[in-house]
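Please read the structure below before turning to the comments.
Number of protein chains: 2
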Amino acid sequence: MRERILNLLYQRKKEYVSGEELSQKLGISRTAIWKHIQALKGEGYKINSQKRSGYSLISVPDLLLPYEIKRDLKTKILGKKIYHFKEIGSTNDFAIKLARKGIGEGAIVVAETQAKGKGRLGREWSSPFGGLWISIILRPEILPTQAPRMTIIAALGVAKTIRKLYPLDAFIKWPNDVLIRSKVGTIRANGRMRKKRSRVFKKVCGILTEMGAEQDTVNYVVIGIGVNLNIDIKKFPMEFRKNTTSIEKELGRKIDSVEFTKRMLEEIENFYLLLKKRGFAPILKEWKKISATLGKRIKAVSGNRIIEGKAIDIDSHGALIIKTKEGKKEKILAGDVTLMRN
Amino acid sequence: MRERILNLLYQRKKEYVSGEELSQKLGISRTAIWKHIQALKGEGYKINSQKRSGYSLISVPDLLLPYEIKRDLKTKILGKKIYHFKEIGSTNDFAIKLARKGIGEGAIVVAETQAKGKGRLGREWSSPFGGLWISIILRPEILPTQAPRMTIIAALGVAKTIRKLYPLDAFIKWPNDVLIRSKVGTIRANGRMRKKRSRVFKKVCGILTEMGAEQDTVNYVVIGIGVNLNIDIKKFPMEFRKNTTSIEKELGRKIDSVEFTKRMLEEIENFYLLLKKRGFAPILKEWKKISATLGKRIKAVSGNRIIEGKAIDIDSHGALIIKTKEGKKEKILAGDVTLMRN
Chain Y
115 MRERILNLLY QRKKEYVSGE ELSQKLGISR TAIWKHIQAL KGEGYKINSQ KRSGYSLISV
175 PDLLLPYEIK RDLKTKILGK KIYHFKEIGS TNDFAIKLAR KGIGEGAIVV AETQAKGKGR
235 LGREWSSPFG GLWISIILRP EILPTQAPRM TIIAALGVAK TIRKLYPLDA FIKWPNDVLI
295 RSKVGTIRAN GRMRKKRSRV FKKVCGILTE MGAEQDTVNY VVIGIGVNLN IDIKKFPMEF
355 RKNTTSIEKE LGRKIDSVEF TKRMLEEIEN FYLLLKKRGF APILKEWKKI SATLGKRIKA
415 VSGNRIIEGK AIDIDSHGAL IIKTKEGKKE KILAGDVTLM RN
Chain R
115 MRERILNLLY QRKKEYVSGE ELSQKLGISR TAIWKHIQAL KGEGYKINSQ KRSGYSLISV
175 PDLLLPYEIK RDLKTKILGK KIYHFKEIGS TNDFAIKLAR KGIGEGAIVV AETQAKGKGR
235 LGREWSSPFG GLWISIILRP EILPTQAPRM TIIAALGVAK TIRKLYPLDA FIKWPNDVLI
295 RSKVGTIRAN GRMRKKRSRV FKKVCGILTE MGAEQDTVNY VVIGIGVNLN IDIKKFPMEF
355 RKNTTSIEKE LGRKIDSVEF TKRMLEEIEN FYLLLKKRGF APILKEWKKI SATLGKRIKA
415 VSGNRIIEGK AIDIDSHGAL IIKTKEGKKE KILAGDVTLM RN
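The listed protein sequences correspond, in order, to chains Y and R. With the numbering used here, the residue at position 269 of the first sequence is 383, and numbering never jumps. With the numbering used here, the residue at position 206 of the second sequence is 320, and numbering never jumps.
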């Protein structure tokens with residue numbers, strides 16, 4: 115109901131809509147309308163009330179609220195249910211709890227900040243206000259070995275969204291990062307520090323896919339996605355700053371976080387449906403086009419293996435194939451990859 | 115402390131141990147001793163108290179209590195922490211919660227009965243009183259694809275325990291059941307019903323392995339094991355009875371559930387340590403010796419595939435290899451297998 119009131123006000127933003135009209139259109143009393151309006155104000159919506167004219171929506175809060183994400187969201191699966199938190203421990207942990215309780219595919223958990231954001235292998239993931247910290251629950255009919263595919267469609271979705279919405283070059287670093295070729299690098303030229311288009315790739319998004327599985331069956335996949343949207347890089351711990359950027363920093367302006375979230379959910383869903391319909395081949399083709407890894411000299415640390423060589427391909431499971439100096443082909447399923455200077 | 119009091123009483127079962135002696139040995143007051151004794155009585159221990167002579171342990175409750183399982187348990191890893199419930203929804207669900215909170219490898223969850231016991235693929239698993247319903251948390255350094263190995267070592271551990279403790283022929287049915295070649299079958303011979311050693315295999319144990327994993331890393335494995343120990347088959351739903359048996363039924367007497375649990379944990383741990391030390395090959399060798407599947411004509415349903423043929427081998431991942439009538443080799447990772455009459 116609150117969502118419907120909001121949508122009616124939103125359609126005529128900054129105009130007044132009478133309590134009478136809302137009451138008739140929604141079939142509830144004017145007192146009930148008033149109560150919902152108070153609740154919306156409590157959530158941060160600025161709504162003017164005038165005794166004669168009614169209610170007028172002045173501004174929506176700068177938060178990733180379900181009402182805002184759902185409005186005109188063009189998805190069939192993703193975002194059907196949205197759980198929003200101002201602060202949470204970890205969106206992935208909460209999503210896994212929901213998944214284990216049997217919630218349907220497409221539910222998402224989004225938070226303005228995470229107290230205990232997680233990266234791969236239990237590492238810390240910094241999640242200050244201004245970023246998008248979101249987890250998507252899916253129940254794909256895949257084998258446990260095929261779970262990396264989920265990371266790949268998420269990375270593709272994020273990179274495509276950045277490319278479509280902004281004049282930024284987003285690339286995917288295998289297996290689970292999205293990078294931007296930073297335009298604002300300071301480089302040393304002829305002994306002087308100059309601002310210049312640099313070739314430095316900086317991380318703007320990380321993805322952590324977790325699954326619950328039996329032998330041959332994936333019960334659920336939770337794709338955790340963290341995107342640095344409107345974040346001052348100084349908010350990140352010192353050790354991350356050098357290789358990290360945000361959309362705000364790259365563009366030099368703040369962006370509409372809700373807009374980004376909607377487009378991203380749509381892009382990811384498109385790739386997910388494509389995967390279901392056509393299999394992994396067309397996904398892989400898209401992915402290779404914007405890979406920051408393929409063709410590069412890299413150093414990969416996977417478990418207790420360290421492999422240096424040229425990243426030459428991705429196989430149908432999403433594993434990276436590296437050709438070493440000795441001409442041997444090595445395959446890794448996941449790991450830490452450092453791009454080497456060519 | 116309660117465990118230590120109990121162990122002192124247990125060493126001199128049915129004799130009296132004075133409050134004075136307990137107090138001195140354990141360094142706590144006689145009032146504190148008295149309080150612990152009351153608590154133990156509340157848990158079902160029968161302990162006589164006499165003003166002059168002290169306390170005497172008469173009997174322990176017929177429950178899988180941590181004190182009882184831990185006493186003389188010869189394991190290094192399994193059972194270090196034991197969570198016991200008279201009733202629980204599902205031991206696997208609780209164990210997964212513990213695992214996600216970071217509890218160490220070897221913790222176990224055991225319940226006298228489960229309200230919502232789970233089988234493979236979300237199927238119902240009947241868990242009446244008298245059975246062993248237990249989940250083991252492990253953190254093996256394996257790939258997600260190798261998780262079936264955990265089911266295999268658990269099945270081996272259960273089958274070996276049954277074979278060592280009782281004169282029963284236990285076999286493993288791929289992938290996750292332990293069967294007993296039932297001695298008490300009624301067969302029709304010459305038109306008359308006669309009791310005779312039959313060749314019917316009946317299910318005595320099922321295993322459900324669930325894992326939490328990232329791309330290339332298993333965070334935890336929870337092995338859920340259900341063994342029909344002292345259960346009247348009539349307690350099972352009608353549709354299960356035909357193919358189900360219990361140790362009690364096969365032996366014609368009740369067994370010591372605590373003893374079974376200890377020996378089973380020891381057997382499973384032995385196979386787990388063997389796997390860590392020597393890899394999967396020696397496990398597979400043991401497994402093949404008591405397979406109820408290998409060499410048999412079977413029908414396997416795996417996902418939407420139905421394969422009929424002869425089960426000829428298990429590969430290094432634990433997948434079953436079936437040779438069809440047409441001579442083609444098919445491989446399945448898990449599924450429902452029916453043994454066909456040869």
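Heads up, the beta-carbon is just placed ideally off N, CA and C, and yes, glycines get one too.
Margin query: Here's the rule I'm using: 16 or more other beta-carbon atoms within 10 Å means buried, otherwise exposed. How should Glu291(Y) be labelled?
Written below: The residue labelled residue 291(Y) in the question sits at position 177 within the first sequence. A quick correction: the sequence has Asp, not Glu, at residue 291(Y). Buried is the call here.
Notebook entry, point to check: When DSSP labels each residue in this structure, what does Thr214(Y) get in the three-state scheme?
Noted result: Translated into the one-based positions of the first sequence, residue 214(Y) becomes position 100. In the sequence on display, residue 214(Y) carries Arg and not Thr. Three-state result, Arg214(Y): helix.
Next item on the list: Identify whether Phe199(Y) lies in helix, strand or coil by the three-state DSSP scheme.
Entry: In the first sequence, counting from the first residue as 1, residue 199(Y) sits at position 85. Phe199(Y): strand per DSSP, three-state reduction.
Check: According to DSSP, which residues form a beta bridge with Tyr130(R)?
Finding: Stepping through the second sequence from its first residue, residue 130(R) is reached at position 16. DSSP, once it has assigned bridges, lists no residue as partnering Tyr130(R).
Next item on the list: Quick one: grab the DSSP three-state call for Met378(R).
Entry: The residue labelled residue 378(R) in the question sits at position 264 within the second sequence. Helix.
Notebook entry, point to check: Skipping 5 residues on each side, what residues in its chain have a beta carbon closer than 6 angstroms to that of Val224(Y)?
Noted result: Counted from its first residue, the first sequence places residue 224(Y) at position 110. Result list for Val224(Y): Leu178, His198, Ile248, in chain order.
Margin query: Quick check: is the beta carbon of Gly449(R) nearer than 9 angstroms to any beta carbon in chain Y?
Written below: The residue given as residue 449(R) occupies position 335 in the second sequence. Yes, contact with chain Y.
Checklist line | Counted within 10 angstroms of its Cβ, other Cβ atoms place Ala395(R) as buried (16 or more) or exposed | finding: Start at 1 with the first residue of the second sequence, and residue 395(R) comes out as number 281. Exposed, because fewer than 16 other Cβ atoms sit within 10 Å of the Cβ of Ala395(R).
Notebook entry, point to check: Using 8 angstroms as the Cβ pair cut-off and three pairs as the minimum, do the stretch 281-295 of chain Y and the stretch 417-434 of chain Y touch?
Noted result: yes
Notebook entry, point to check: Looking at the C-beta of Pro254(Y), does it have a partner C-beta in chain R at a distance below 9 angstroms?
Noted result: For this step, residue 254(Y) is matched to residue 140 along the first sequence. Chain R contact via Cβ: absent.
Notebook entry, point to check: So, helix, strand or coil for Met325(Y), using DSSP?
Noted result: The sequence position of residue 325(Y) within the first sequence is 211, counting from 1. DSSP places Met325(Y) in strand when its eight states are reduced to three.
Check: What do you reckon, are the CB atoms on Leu447(Y) and Asp330(R) nearer than 9 angstroms?
Finding: Translated into positions along the first sequence, residue 447(Y) becomes position 333. Translated into positions along the second sequence, residue 330(R) becomes position 216. A contact, by the Cβ cut-off of 9 angstroms.
Next item on the list: Please say whether Leu140(R) and Leu171(R) have beta carbons closer to each other than 9 angstroms?
Entry: Position 57 of the second sequence, counted from the first residue, corresponds to residue 171(R). Position 26 of the second sequence, counted from the first residue, corresponds to residue 140(R). No. Outside cutoff.
Notebook entry, point to check: Is the stretch 184-193 of chain Y close to the stretch 158-174 of chain Y, with three or more CB pairs under 8 angstroms?
Noted result: no
Notebook entry, point to check: Who are the Cβ neighbours of Glu219(Y) in its own chain at under 7 angstroms, not counting the five residues just before and after it?
Noted result: Taking the first residue of the first sequence as position 1, residue 219(Y) is located at position 105. Excluding residues within five positions, the ones whose Cβ falls inside 7 angstroms are Ile191, Ile251, Leu252, Arg253.
Next item on the list: Give the residues of chain R in contact with Arg234(Y), contact being defined as C-beta atoms less than 7 angstroms apart.
Entry: Reading the first sequence from its first residue, position 120 is the one you call residue 234(Y). Within 7 angstroms Cβ-Cβ: Glu328.
Check: Three-state secondary structure (DSSP) at Arg237(Y)?
Finding: The count along the first sequence starts at 1 and reaches residue 237(Y) at position 123. Reduced to three states, the DSSP call for Arg237(Y) is coil.
Note to self: Could you compute how far the alpha carbon of Cys319(Y) sits from the alpha carbon of Leu365(Y)?
What the structure shows: Residue 319(Y) sits at position 205 when you count from the first residue of the first sequence. Residue 365(Y) sits at position 251 when you count from the first residue of the first sequence. Those two C-alpha atoms are separated by around 16 angstroms.
Check: Quick one: any contact between the stretch 257-275 of chain Y and the stretch 251-270 of chain R, if contact means 3 or more CB pairs under 8 angstroms?
Finding: yes
Note to self: Do Ser137(R) and Ile147(R) have their beta-carbon atoms positioned less than 9 angstroms apart in this structure?
What the structure shows: For the purposes of this step, residue 147(R) is taken as the residue at position 33 of the second sequence. For the purposes of this step, residue 137(R) is taken as the residue at position 23 of the second sequence. Contact flag set, yes.
Note to self: Which residue wins for smallest C-alpha separation from Gly231(R), given the options Pro281(R), Ile294(R), Asn206(R)?
What the structure shows: Mapped onto the second sequence, residue 231(R) falls at position 117. Answer by Cα proximity: Asn206(R).
Notebook entry, point to check: So, is Tyr358(Y) buried or exposed, given that buried needs 16 or more other C-beta atoms within 10 angstroms?
Noted result: Counted from its first residue, the first sequence places residue 358(Y) at position 244. The sequence given here has Thr at residue 358(Y), not Tyr. With 16 or more Cβ atoms within 10 Å of its Cβ, Thr358(Y) is classed as buried.
Check: Comparing the C-beta of Leu322(Y) with each C-beta of chain R, is any distance below 9 angstroms?
Finding: As a working note, residue 322(Y) is residue 208 in the first sequence. True, the Cβ-Cβ gap to chain R drops below 9 angstroms.
Margin query: Tell me the rounded alpha-carbon separation between Tyr181(Y) and Glu117(Y).
Written below: Translated into positions along the first sequence, residue 181(Y) becomes position 67. Translated into positions along the first sequence, residue 117(Y) becomes position 3. Cα to Cα, Tyr181(Y) sits roughly 6 angstroms from Glu117(Y).
Notebook entry, point to check: By DSSP, does Gly271(Y) sit in helix, in strand, or in coil?
Noted result: Within the first sequence, the letter at position 157 stands for residue 271(Y). Of the three classes helix, strand and coil, the one that applies to Gly271(Y) here is helix, per DSSP.
Note to self: Going by beta-carbon coordinates alone, are Gly245(Y) and Val341(Y) separated by less than 9 angstroms?
What the structure shows: By 1-based counting over the first sequence, the position of residue 245(Y) is 131. By 1-based counting over the first sequence, the position of residue 341(Y) is 227. Contact: yes.
Note to self: The alpha helix (DSSP H) that contains Lys402(R), what's its start and end?
What the structure shows: Position 288 of the second sequence holds residue 402(R). 395-403 is the span of the alpha helix (DSSP H), which, as asked, contains Lys402(R).
Notebook entry, point to check: What does Leu257(Y) reach in chain R if we use C-beta pairs closer than 8 angstroms?
Noted result: Walking along the first sequence from the start, residue 257(Y) turns up at place 143. Under the 8 angstroms cutoff, chain R gives Leu447.
Check: Ala414(R) and Val451(R): beta carbons closer than 9 angstroms?
Finding: What you label residue 414(R) is simply residue 300 of the second sequence in a count that begins at 1. What you label residue 451(R) is simply residue 337 of the second sequence in a count that begins at 1. Yes, these two residues count as a Cβ contact at 9 angstroms.
Check: Any Cβ of chain Y within less than 9 angstroms of the Cβ of Ala261(R)?
Finding: Residue 261(R) sits at position 147 when you count from the first residue of the second sequence. With 9 angstroms as the cut-off, Ala261(R) counts as an interface residue toward chain Y.
Next item on the list: State buried or exposed for Lys128(Y), treating a residue as buried only when at least 16 other CB atoms are found within 10 Å of its CB.
Entry: Here residue 128(Y) is taken as the residue at index 14 of the first sequence, counted from 1. Answer is exposed; the Cβ neighbour count stays below 16.
Next item on the list: Report yes or no: is there a C-beta of chain R within less than 9 angstroms of the C-beta of Thr265(Y)?
Entry: Start at 1 with the first residue of the first sequence, and residue 265(Y) comes out as number 151. Chain R, which has a Cβ nearer than 9 angstroms to the Cβ of Thr265(Y), makes this yes.
Notebook entry, point to check: What is the C-beta distance between Lys316(Y) and Ile294(Y), in whole angstroms, given that I count them as a contact (C-beta under 8 angstroms)?
Noted result: Translated into the one-based positions of the first sequence, residue 316(Y) becomes position 202. Translated into the one-based positions of the first sequence, residue 294(Y) becomes position 180. Confirmed, Cβ separation roughly 6 angstroms.
Item checked: Buried or exposed by the 16-neighbour rule on C-beta atoms within 10 Å, applied to Gln164(R) -> Numbered from 1 along the second sequence, position 50 holds the residue referred to as residue 164(R). Gln164(R) is exposed by the Cβ-count criterion.
Notebook entry, point to check: Going by DSSP, what residues sit across from Gly423(Y) in a beta bridge?
Noted result: What you label residue 423(Y) is simply residue 309 of the first sequence in a count that begins at 1. Per DSSP, Ile412(Y), Thr438(Y).
Check: Can you tell me where the beta strand (DSSP E) with Arg159(R) in it begins and where it stops?
Finding: Locating residue 159(R) in the second sequence gives position 45, counting from the first residue. Sequence check: residue 159(R) is Tyr here, not Arg. Taken as a continuous stretch (DSSP letters only), Tyr159(R) belongs to no beta strand (DSSP E), as it is neither H nor E.
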